[in-house]
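S.K.:
Residue numbers (my numbering): 88 to 280.
1. By DSSP, does residue 88 sit in helix, in strand, or in coil?
2. Along the chain, where does the beta strand (DSSP E) that runs through residue 209 open and close?
3. Assuming residue 160 contacts residue 121 under a Cβ cut-off of 8 angstroms, what Cβ separation, rounded to an integer in Å, is found between them?
4. Would you please state the rounded distance, in angstroms, between the beta carbons of residue 137 and residue 125? I believe it to be under 8 angstroms.
5. If you run the structure through DSSP and keep just helix, strand and coil, what is residue 241?
6. Beta-carbon separation of residue 99 and residue 148 under 8 angstroms?
7. Identify the continuous beta strand (DSSP E) that holds residue 158 and give its terminal residues.
8. What's the gap between the Cα of residue 134 and the Cα of residue 185?
9. Any chance the segment 226–242 sits against the segment 196–213, with 3 or more Cβ pairs inside 8 angstroms?
10. Residue 249 and residue 271: beta carbons closer than 8 angstroms?
11. In the DSSP output, which residue or residues are listed as bridge partners for residue 177?
12. Between 171, 180, 104, which has its C-alpha nearest residue 123's C-alpha?
13. Residue 251: which of 259, 242, 258 sits nearest, CA to CA?
14. When DSSP builds the beta bridges, which residues end up paired with residue 273?
15. Nearest to residue 154 by alpha carbon, out of 273, 172, 108?
16. Please return the same chain residues whose Cβ sits closer than 8 angstroms to the Cβ of residue 227, not counting the five positions on each side in sequence.
17. How many Å lie between residue 219 and residue 116 at the Cα?
18. Report buried or exposed for residue 261, applying the criterion of at least 16 other Cβ atoms within 10 angstroms of its Cβ.
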């Protein structure tokens with residue numbers, strides 16, 4: 088399935104990075120159709136810190152990128168690009184909808200200075216977008232904004248396309264010290280507590 092330093096089928100010159108752990112797993116990495124979702128550090132014909140990792144899907148020996156470091160994400164309009172998901176915070180439903188907690192970076196691979204975390208989606212047709220981003224207003228809570236989402240999300244996604252997760256927030260009724268809210272999102276209704 089994945090062996091360190093081995094070329095990834097279908098991607099000439101790109102390898103699973105030569106490490107003791109060539110892949111890591113999100114929540115529920117094996118779908119009912121047998122497809123496997125995983126995060127791969129990449130070696131070979133890549134630029135370190137710019138495009139050297141990606142969330143991949145393997146199905147019956149065919150490998151594809153779902154998200155790759157360095158990609159632009161629609162809705163992120165300040166020049167930052169996708170870097171990586173947070174640990175295991177990525178999950179795909181049976182229809183191919185991926186919900187994930189992402190970290191943003193500058194296009195040269197350096198860390199973003201502010202508002203670098205978000206929750207995003209990628210549909211089976213490749214359409215990508217942002218559900219919420221650090222610094223955005225919390226829907227329905229006057230004066231509240233989302234705080235860092237890094238590691239706080241615990242993402243779940245239903246086969247009907249509803250993504251549910253926890254999100255840190257500050258201000259408004261969350262106060263200066265902050266708290267968290269359970270957020271639900273789907274394409275028709277958007278994000279809501």
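For every residue, glycine included, the Cβ atom is placed at its ideal position computed from N, Cα and C.
M.R.: This is what the structure gives:
1. In this structure, residue 88 counts as coil in the three-state DSSP scheme.
2. 204–209
3. Contact flag wrong, Cβ pair sits at about 28 angstroms.
4. Not really, about 20 angstroms apart at Cβ, beyond 8 angstroms.
5. coil
6. No; because the gap between Cβ atoms is not below 8 angstroms, this pair is not in contact.
7. Counting along the chain, residue 158 falls outside any beta strand (DSSP E), and DSSP gives it neither H nor E.
8. 25 angstroms
9. yes
10. yes
11. 187
12. 180
13. 242
14. 277
15. 172
16. 279, 280
17. 23 angstroms
18. buried
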